[in-house]
Amino acid sequence: MYNNHSNRDPLVVAITAALGAGVATSFAICRGQNPVTALGITIFAAIVALICDRAGLV
57 MYNNHSNRDP LVVAITAALG AGVATSFAIC RGQNPVTALG ITIFAAIVAL
107 ICDRAGLV
């Protein structure tokens with residue numbers, strides 16, 4: 057009845073998620089967080105967004 061599967065391009069989803077997470081992590085870097093940790097958080101957020109998008113949760 058209702059098709060939850062996304063037809064969006066995975067690259068667009070990953071870039072959107074990375075930009076959103078990048079804003080938060082750039083603030084964390086300004087507050088003294090390790091840049092490598094911040095990059096890891098950004099990558100993790102992009103992966104989770106891709107999984108949620110492909111699973112139809114978003």
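Residues 57 to 114 in this note's numbering are what the sequence shown lists, from first letter to last.
For glycine and all other residues, C-beta sits at the position ideal for the given N, C-alpha and C.
Query, Result
"Mind checking whether VAL78 and THR98 have CB atoms under 7 Å apart?", "In the sequence as displayed, the identity of residue 78 is Gly instead of Val. Yes, Cβ-Cβ distance for GLY78 and THR98 is below 7 Å."
"Cutting at 6 Å between CB atoms, please list the residues of its own chain near CYS108, excluding the five before and the five after it.", "VAL114"
"With a 10 Å radius around its C-beta and 16 neighbouring C-beta atoms as the bar for buried, classify ALA111 as buried or exposed.", "exposed"
"Answer with buried or exposed for ALA80, where buried requires no fewer than 16 other C-beta atoms within 10 angstroms of its C-beta.", "exposed"
"Grab me the residues of LEU75's own chain with a C-beta within less than 8 Å of its C-beta, minus the 5 sequence neighbours each way, in chain order.", "none"
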